[in-house]
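For the sequence shown, the positions run 9 to 395 when my numbering is used.
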Amino acid sequence: MYTVKTLNHISPVGLLRLPSDYFTVDAKMENPAAVLVRSANMHEMQFNEELLCVARAGAGVNNIPIDQCTEKGVVVFNTPGANANAVKELVICSLLLSSRDVVGGISWARGLTGDDVPGQVEKGKSSFTGPEVYGKTLGIIGVGAIGVKIANAADALGMDVLGYDNNMSVNNALELSRSVRLAYNINQVFAESDYLTLHVPLNKETKELFADMLSQVKVGVRIINTARGGLIETDALLAALDNGTVSCYVTDFPDEKMLNHPNIIPIPHLGASTPESEDNCARMAVDQLADYLRYGNITNSVNFPDVDLPPIKGLRLCVIHRNLPNIISEITAAMGEAGINIENMASKSKKDMAYTILDLTGGTPGSGTLDRLRGHEHIIRLRVLKA
Ligand code: MLT
9 MYTVKTLNHI
19 SPVGLLRLPS
29 DYFTVDAKME
39 NPAAVLVRSA
49 NMHEMQFNEE
59 LLCVARAGAG
69 VNNIPIDQCT
79 EKGVVVFNTP
89 GANANAVKEL
99 VICSLLLSSR
109 DVVGGISWAR
119 GLTGDDVPGQ
129 VEKGKSSFTG
139 PEVYGKTLGI
149 IGVGAIGVKI
159 ANAADALGMD
169 VLGYDNNMSV
179 NNALELSRSV
189 RLAYNINQVF
199 AESDYLTLHV
209 PLNKETKELF
219 ADMLSQVKVG
229 VRIINTARGG
239 LIETDALLAA
249 LDNGTVSCYV
259 TDFPDEKMLN
269 HPNIIPIPHL
279 GASTPESEDN
289 CARMAVDQLA
299 DYLRYGNITN
309 SVNFPDVDLP
319 PIKGLRLCVI
329 HRNLPNIISE
339 ITAAMGEAGI
349 NIENMASKSK
359 KDMAYTILDL
369 TGGTPGSGTL
379 DRLRGHEHII
389 RLRVLKA
């Protein structure tokens, strides 16, 4: 029986996919084998030794201490693409709100009184004029699952779309509308865009991407940030808004200083807040978690490579180890010495870590063999799974 702790509300559409004869799920679970999380901050949490994986129902993983998980052999999953349509729709909405002062207009109209409201509306409406997006350039930083959908939708609105991604997948490239242009460097996107939308995770490298952005953008640019708040430094942004460099900032991650700025539209992190997206994320997170716990297969991990083998027929050895010479040969030699055949094997690495799965026949490794491997200085975690 595998124990799963939920740190946030997870859609039942996902949880119901965990059969009760294999999994127990509870928000108060002690020492779980797996954690399901949405936005709960895990940075201060103590991790129990039994914890095998964390599955984030969402894309961003900045609420999870990834380095610590990696060192302990805890596989962290996310659900890329599961909320892409929800985020795309909010970005298109934000794009239009950043241009046409609908938010300011609504707030002004709510304050009108008297019999002559229609007359006041006609007289006052010119204060809320804003340009059309048709024919303008939209720069998309990060053309992943979300960025591709936005590119195609903005293209259909008649925008000139310029994307930048230094690590674009072939699948995403194939999905892009043919009229979407791809920039060779980020500076080109900053310099050409009337509107900018950000779709990269928050980490040291991506923070650096935006460090000089405000000195390179087109004057009057409108910026949409549904990715993460920390990507742009707040004080620099406020200064750019005050001197007109940026004419509007729509953010799904407002901080206190942003709430009452006239040119900021603060949205309370609604990017993925649709029932469809919550169900999709929960379904994907749960399936990945279950496949890892029961079969050792890894799909969509941010800290370990994707590795999988067909269903287990006999015994499966799953080894998380450092990506160093000789480790795989030591594992296979140990099986050979114990007279065990390796029927199938898959191994991949990601940065300093590697993951190897071996399907075994002709015997069961004894505790001496397993303990010796577990004691190896570069083997982080070893599990034996049965069909
Ligand atoms: C994500 O990272 O998937 C989105 O920002 C939504 C969320 O945090 O739940």
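Beta carbons are placed, not taken as given, at the ideal position from N, Cα and C, and that holds for glycine. In this text, all values refer to a predicted model and were calculated from it rather than measured experimentally.
Item: Contact between the segment 179-187 and the segment 122-141 (3+ Cβ pairs under 8 Å); Value: no
Item: Start-end ranges of the alpha helix (DSSP H) lying completely within the segment 334-362, minimum 4 residues; Value: 335-345
Item: Unbroken beta strand (DSSP E) run spanning Thr259, endpoints; Value: 254-259
Item: Contacts around Leu368, its chain only, beta-carbon distance under 8 Å, and the 5 residues preceding and following it disregarded; Value: Gly322, Leu323, Arg324, Leu325, Met343, Ile348, Asn349, Ile350, Glu351
Item: CA nearest to the CA of Val110, picked from Lys133, Ser223, Ala92, Gly89; Value: Lys133
Item: Bridge-paired residues (DSSP) for Gly147; Value: Leu170, Leu204
Item: Three-way DSSP call (helix, strand, coil) for Pro274 in this model; Value: strand
Item: Close-in-space but distant-in-sequence residues of the same chain around Asp299 (CB under 6 Å, 5 per side omitted); Value: Asn305
Item: Backbone CA spacing between Arg291 and Phe136 [nearest angstrom]; Value: 43 Å
Item: Cβ-heavy atom distance, Asn455 to the ligand MLT, below 7 Å; Value: Shown here, the chain extends from 9 to 395; a query on residue 455 therefore has no answer.
Item: The segment 59-77 in contact with the segment 371-383 per 3-pair CB rule at 8 Å; Value: no
Item: Endpoints, alpha helix (DSSP H) assigned at Pro118; Value: Going by the sequence as given, residue 118 is Arg instead of Pro. Arg118 -> alpha helix (DSSP H) spans 110-118.
Item: Contacts around Val169, its chain only, beta-carbon distance under 6 Å, and the 5 residues preceding and following it disregarded; Value: Leu146, Ala159, Ala162, Asp163, Val188
Item: Simplified DSSP assignment, three categories, for Val227; Value: coil
Item: Beta-carbon proximity of Ser4 to Val83, cut-off 8 Å; Value: With the chain covering 9 to 395 only, the question about residue 4 has no answer from this structure.
Item: One or two residues paired with Ala42 in a DSSP bridge; Value: Val12, Cys61
Item: Length of the line joining the Cα atoms of Ile339 and Ile365; Value: 11 Å
Item: Which residues DSSP lists as bridging Thr364, in chain order; Value: Val327, Ser355
Item: Proximity test, Ser28 beta-carbon vs the ligand MLT heavy atom, cut-off 7 Å; Value: no
Item: Spatial neighbours of Val21 in its chain, beta-carbon cut-off 7 Å, leaving aside the 5 residues before and after; Value: Asp287, Ala290, Arg291
Item: Beta-carbon contacts of Asn211 that lie in its chain and below 8 Å, excluding the five residues immediately before and after; Value: Asn70
Item: Asp34 - partner residues in DSSP beta bridges; Value: Lys13
Item: Contacts around Leu390, its chain only, beta-carbon distance under 8 Å, and the 5 residues preceding and following it disregarded; Value: Leu325, Cys326, Val327, Ile328, Leu378, Leu381, Arg382
Item: 8 Å Cβ cutoff, Thr87 in contact with chain D; Value: No chain D is part of this structure, which consists of one protein chain only.
Item: Closer than 7 Å: Arg291 CB and nearest the ligand MLT heavy atom; Value: no
Item: Local conformation of Ile232 per DSSP, three classes; Value: strand
Item: Lys394: first and last residue of the uninterrupted beta strand (DSSP E) it sits in; Value: 387-394
Item: Candidates Ile194, Met50, Glu183, of which the one nearest Gly171 by Cα; Value: Ile194
Item: C-alpha distance - Leu239 paired with Glu183, whole-angstrom precision; Value: 27 Å
Item: Boundaries (first-last residue) of the beta strand (DSSP E) holding Lys85; Value: In the sequence as displayed, the identity of residue 85 is Phe instead of Lys. Taken as a continuous stretch (DSSP letters only), the beta strand (DSSP E) holding Phe85 covers 83-85.
Item: Touch test, the segment 267-279 against the segment 32-42, Cβ-Cβ under 8 Å, three pairs minimum; Value: no
Item: Glu233 burial status per 10 Å Cβ neighbour count (16 or more: buried); Value: A small correction: the amino acid at residue 233 is Asn; Glu does not occupy that position in the sequence shown. So Asn233 counts as buried.
Item: Stretch-stretch touch, CB-based, cutoff 8 Å, three pairs: the segment 257-266 with the segment 52-60; Value: no
Item: Rounded straight-line distance, which links the Cα of Arg64 to that of Val229; Value: 33 Å
Item: CA-to-CA distance, Gly374 to Val62, given in whole angstroms; Value: 29 Å
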